[in-house]
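Peer 1: Would you mind keeping the following structure in view while I ask a few things?
In our numbering, the protein residues as written are 1 to 71.
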């Protein structure tokens, strides 16, 4: 299952909170894909602590797409 989140336009820390809430509901192999206005630098340590696989890329329009996979 893939959960798509559009977190653009939300003030910090709302995007991070929405992503963490979505991660808490997923099973092994599921993925969260989030659109963001900025790179989620403060989220990376939390994802590392949870031992989750993730990648973040900058889109042509200046937004970012974060993908987090539950192992």
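Think of the CB as a built atom: it goes at the ideal place given N, C-alpha and C, for glycine as much as any other residue.
Computed from a prediction, not measured in an experiment: that's the story for all the values here.
Pick out whichever of 7, 66, 16, 50 has its Cα sitting closest to the Cα of residue 57.
Peer 2: In the chain shown, residue 57 corresponds to position 57, counting from 1. Nearest of 7, 66, 16, 50 to residue 57, Cα basis: 66.
Peer 1: Would you mind stating whether residue 31 and residue 71 have Cβ atoms separated by less than 8 Å?
Peer 2: In the chain shown, residue 31 corresponds to position 31, counting from 1. In the chain shown, residue 71 corresponds to position 71, counting from 1. It is not a contact, given that the beta carbons lie outside the stated cut-off.
Peer 1: Considering residue 34, what are the terminal residues of the beta strand (DSSP E) in which it resides?
Peer 2: Locating residue 34 in the chain shown gives position 34, where the first residue counts as 1. That run of the beta strand (DSSP E) goes 31 to 36.
Peer 1: Grab me the residues of residue 1's own chain with a C-beta within less than 6 Å of its C-beta, minus the 5 sequence neighbours each way, in chain order.
Peer 2: For the purposes of this step, residue 1 is taken as residue 1 along the chain shown, with counting starting at 1. Counting only Cβ-Cβ distances below 6 Å, and skipping sequence neighbours, we find 30.
Peer 1: Do residue 19 and residue 41 have their beta-carbon atoms positioned less than 8 Å apart in this structure?
Peer 2: Taking the first residue of the chain shown as 1, we reach residue 41 at position 41. Taking the first residue of the chain shown as 1, we reach residue 19 at position 19. Not closer than 8 Å, so no.
Peer 1: Taking the continuous beta strand (DSSP E) assigned at residue 53, which residues delimit it?
Peer 2: For the purposes of this step, residue 53 is taken as residue 53 along the chain shown, with counting starting at 1. Segment 53 to 58, the beta strand (DSSP E) holding residue 53.
Peer 1: From which residue to which residue does the alpha helix (DSSP H) around residue 6 run?
Peer 2: Taking the chain shown and counting its residues from 1, the one referred to as residue 6 is at position 6. First-last for residue 6: 2 to 6, but that is the beta strand (DSSP E), not the alpha helix (DSSP H).
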